[in-house]
Amino acid sequence: MKYFKIEGPVKLKGEVSAQGAKNAVLPIMSAIILYDTPVLLSNVPQVVDVFTMIELLKILGTKVEWKGKNDLLLDPSTINRYTAPYEIVNQMRASIYVLGPLLMKFGKAAVSFPGGCAFGPRPIDYHLHGLTLLGANLEIDRGYINASMKSPTPAEITLNFKSVGTTIHLMTTASLIEGETTLINCAQEPEVVATADFLIKSGVKIEGAGTNVIKVKGVRKLNNLTEYKIIPDRIEAGTYITAGFMTGGEVMVTGCSPIHLEPVIAKLKEAGASVERGNDYVLVKPRENKIKSLQIETQPFPGFPTDMQPQFMSMLSVAEGLSIIKEGIYPNRFAHAFELQRLGAKIKVIEPTAFIEGVEKLTGAEVAGQDLRGSAALILAGLVAEGITTVFGIEHLERGYENFQEKLQSLGAKIQSSS
Ligand code: EPZ
105 MKYFKIEGPV KLKGEVSAQG AKNAVLPIMS AIILYDTPVL LSNVPQVVDV FTMIELLKIL
165 GTKVEWKGKN DLLLDPSTIN RYTAPYEIVN QMRASIYVLG PLLMKFGKAA VSFPGGCAFG
225 PRPIDYHLHG LTLLGANLEI DRGYINASMK SPTPAEITLN FKSVGTTIHL MTTASLIEGE
285 TTLINCAQEP EVVATADFLI KSGVKIEGAG TNVIKVKGVR KLNNLTEYKI IPDRIEAGTY
345 ITAGFMTGGE VMVTGCSPIH LEPVIAKLKE AGASVERGND YVLVKPRENK IKSLQIETQP
405 FPGFPTDMQP QFMSMLSVAE GLSIIKEGIY PNRFAHAFEL QRLGAKIKVI EPTAFIEGVE
465 KLTGAEVAGQ DLRGSAALIL AGLVAEGITT VFGIEHLERG YENFQEKLQS LGAKIQSSS
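Just add 104 to the spot in the sequence shown (first one is 1) and you have the numbering used here.
What follows is the structure in structure tokens.
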């Protein structure tokens with residue numbers, strides 16, 4: 105396993121720029137299956153999940169080429185296959201996003217069921233139910249979803265949960281279904297809004313993206329854009345401002361969307377942070393006092409994001425007093441808690457809640473990330489722990505953070521990698 109060795113404690117100081125949003129570029133890359141001319145995506149993060157989506161699109165026949173560090177040219181005119189194989193889908197759950205577009209392009213598709221991940225089975229039943237309501241016929245056979253779409257039908261669909269993926273997947277699929285499809289109890293995440301913006305700019309009439317009701321008036325054919333810029337990654341940005349605050353340093357994240365970070369900024373301020381924000385930057389200033397304990401419940405946007413829960417658990421491990429984190433999205437997303445205990449954190453998990461009793465200090469040790477945000481959280485803990493912390497499982501980190509080691513080093517972190 106790849107590992108980082110981090111020497112702490114350190115006070116981070118400096119400025120980093122936010123990468124493009126992983127969770128916006130993946131659905132937009134999938135929606136490009138509906139295109140038939142090339143499109144250049146800019147601000148695309150060079151992260152493993154993007155590389156996996158590129159591999160999947162290439163298997164379908166797409167021509168893909170990096171035209172610059174973060175500029176990706178996709179030519180869907182040569183797509184001629186409609187099977188998304190297990191070895192790709194198993195690597196990345198977001199591969200499921202290609203099912204609806206393939207159905208609309210070919211009238212059929214065969215997409216493998218995604219695997220689970222470190223924090224649960226990650227079902228796709230909401231996706232499949234919604235596609236059925238849109239007219240798809242789905243058969244499950246040996247781990248594959250064999251789908252056909254004989255008569256695409258606009259529908260009114262109420263989601264069981266404000267599922268990000270389901271909202272995006274059904275909105276994208278409905279974009280090519282003539283008539284009005286209404287999605288109720290939608291997710292309101294910025295990545296939903298970004299995908300809607302891409303589709304609107306492609307000629308689809310979509311109202312309500314960002315609210316809990318989205319209306320899609322589908323079109324026969326999209327007006328293919330030639331280029332599109334991906335929004336900044338709010339979770340990456342949130343990770344760096346949290347690192348700045350918990351280390352007692354001063355960090356500015358530029359090229360980000362502070363409005364997307366409001367739930368995170370609000371909790372950092374409650375913990376004692378002084379935060380300044382402009383229209384495209386967030387600055388967290390050195391703290392005079394100890395980190396205050398918090399009570400957090402992760403919720404769909406605009407609630408506190410589950411993808412920032414592990415990073416906040418690291419921070420609260422050295423806060424003053426008892427903090428409580430309740431997971432409203434993934435009841436067992438706590439693998440990082442047991443690794444933090446190896447650094448001396450005092451955490452009790454009774455799913456879906458974690459109780460964190462702040463300690464004076466953490467002590468460096470060997471720990472292993474089990475998933476993307478958990479790995480980031482352990483690195484943040486290593487920044488405040490005394491001595492050397494070795495974080496294994498950096499493969500997880502590389503799925504969603506571009507140049508994590510270099511960015512932290514530019515902020516003064518003492519971090520070496522195994523490779
Ligand atoms: C997206 O996952 C993100 N991934 C996740 O980020 C994020 O944690 C999650 O939204 C919640 O914000 C991408 O965008 C690629 P959901 P998604 O559907 O769409 C249950 C990261 O770190 N559910 O909103 O898969 C599900 O189990 C990743 O970047 C069903 O039961 O999340 C969960 O409990 C981790 N059946 C809840 O809904 C379904 O068909 C919310 O999941 C779909 C979801």
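Where is the CB? At the ideal position from N, CA and C, for every residue including glycine.
For my contact list, residue i and residue j are in at a C-beta cut-off of 8 Å; report their separation, rounded to the angstrom.
i: Y186; j: L206; result: 5 Å
i: L512; j: L476; result: Not a contact, Cβ separation roughly 16 Å.
i: A298; j: A135; result: Contact doesn't hold; Cβ gap of about 11 Å is too wide.
i: V268; j: E295; result: 7 Å
i: N328; j: Y201; result: About 18 Å separates the two Cβ atoms, so there is no contact after all.
i: L466; j: L447; result: 4 Å
i: G497; j: Q474; result: 7 Å
i: I137; j: P180; result: 6 Å
If you run the structure through DSSP and keep just helix, strand and coil, what is residue i?
i: Y186; result: coil
i: L263; result: coil
i: T166; result: coil
i: S521; result: strand
i: K209; result: helix
i: D153; result: helix
i: I498; result: helix
i: P390; result: coil
i: K465; result: coil
i: R477; result: helix
i: Y385; result: strand
i: P294; result: helix
i: E424; result: strand
i: E380; result: strand
i: G236; result: A small correction: the amino acid at residue 236 is Thr; Gly does not occupy that position in the sequence shown. Looking at T236 - three-state DSSP - the assignment turns out to be helix.
i: P256; result: coil
i: P435; result: coil
i: I304; result: helix
i: Y230; result: helix
Alpha carbon to alpha carbon, how far is residue j from residue i? Give it in angstroms, no decimals.
i: G342; j: P406; result: 14 Å
i: V355; j: P390; result: 9 Å
i: S523; j: M105; result: 10 Å
i: Y230; j: D245; result: 18 Å
i: F265; j: I288; result: 10 Å
i: K396; j: K450; result: 16 Å
i: T493; j: S216; result: 38 Å
i: I454; j: Q413; result: 15 Å
i: G118; j: T315; result: 36 Å
i: A240; j: G283; result: 16 Å
i: A469; j: M253; result: 54 Å
i: L482; j: F416; result: 11 Å
i: G234; j: I158; result: 26 Å
i: A377; j: S121; result: 20 Å
i: M419; j: L398; result: 10 Å
i: I433; j: P404; result: 8 Å
i: G172; j: G359; result: 18 Å
i: M196; j: P218; result: 7 Å
i: E424; j: N436; result: 25 Å
i: Y385; j: S361; result: 7 Å
Using 8 Å as the threshold, is the C-beta distance between residue i and residue j below it?
i: A300; j: A291; result: no
i: V463; j: V495; result: no
i: V388; j: L372; result: yes
i: L487; j: G224; result: no
i: E340; j: Y190; result: no
i: F155; j: I519; result: no
i: N127; j: N147; result: no
i: A278; j: G322; result: yes
i: A214; j: N250; result: yes
i: F459; j: K452; result: yes
i: I272; j: P131; result: yes
i: T351; j: L164; result: no
i: A259; j: T276; result: no
i: I369; j: R381; result: yes
Mind checking who residue i pairs with in its DSSP beta bridge?
i: I429; result: I400 and A458
i: K309; result: K321
i: N250; result: A214 and E243
i: I492; result: E111
i: F408; result: T402
i: E331; result: L144
i: K452; result: F459
i: I288; result: T262 and V317
i: G172; result: D175
i: S121; result: T358
i: G283; result: G322
i: V471; result: V495
i: P336; result: G124
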